[in-house]
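Before any comments, here is the structure.
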Amino acid sequence: MIDKQQCMGLENALKNGMAIHFLHEGNELTVKRCLIKETKLVYAVYINGKMYLPGWDPDSPNYHPMAEVYSRKIVYNPHQRFLNQMKKERGFKRYLKQKENAYLLEKKERFEPFFPSAKAVVSHFKKIDGLTVKHPDLMEILP
Numbered sequence: 001m002i003d004k005q006q007c008m009g010l011e012n013a014l015k016n017g018m019a020i021h022f023l024h025e026g027n028e029l030t031v032k033r034c035l036i037k038e039t040k041l042v043y044a045v046y047i048n049g050k051m052y053l054p055g056w057d058p059d060s061p062n063y064h065p066m067a068e069v070y071s072r073k074i075v076y077n078p079h080q081r082f083l084n085q086m087k088k089e090r091g092f093k094r095y096l097k098q099k100e101n102a103y104l105l106e107k108k109e110r111f112e113p114f115f116p117s118a119k120a121v122v123s124h125f126k127k128i129d130g131l132t133v134k135h136p137d138l139m140e141i142l143p
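Taking full-length UniProt numbering, the leading residue of the sequence shown gets 1, the next gets one more, and so forth.
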């Protein structure tokens, strides 16, 4: 379990660019800061040195059963762009109230192995039971 003081140390270490290693149920997790676009930094999660994308078919070689636990959950509406265009037109609310158009308001969820900030990584991993930091003595050195 990760305590409050360790959380601050982990967050500072991630912000400084260190790779943090965790142990959980026989898996070694690594969190690194990565550049995915020219100007976009994210914190990526690797399981046993490999990035697994959650939501794959269990028969796929890219499948790991714990990938969803270690990933960030995102709730989104796939029809949002269409809804934003339709809001400008007259009769939009009546159009949405029809039963055959109810699917436009349904939300879906997906999991990503990327986190936008160090605080998001630490708060997500703090909730996982049985998770330990591989080298906790390194966190005490950082301010």
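Ideal placement from N, C-alpha and C gives every residue a C-beta, glycine not left out.
It should be emphasised that the depicted structure is a prediction, and the values quoted were computed from it without experimental measurement.
- By the C-beta density criterion, A118 is buried, having at least 16 other C-beta atoms within 10 angstroms.
- Taken atom to atom, the span from the alpha-carbon of M86 to that of N27 is near 47 Å.
- Distance from the Cα of F114 is smallest, within the candidate group L23, G9, V31, for V31.
- K93: member of the alpha helix (DSSP H) spanning 92-97, first to last residue.
- Sixteen is the threshold: when 16 or more other Cβ atoms of the shown chains lie within 10 Å of the Cβ of L14, as they do, the residue is buried.
- According to the DSSP assignment, H24 belongs to no alpha helix (DSSP H) but to the beta strand (DSSP E) extending over 20-24.
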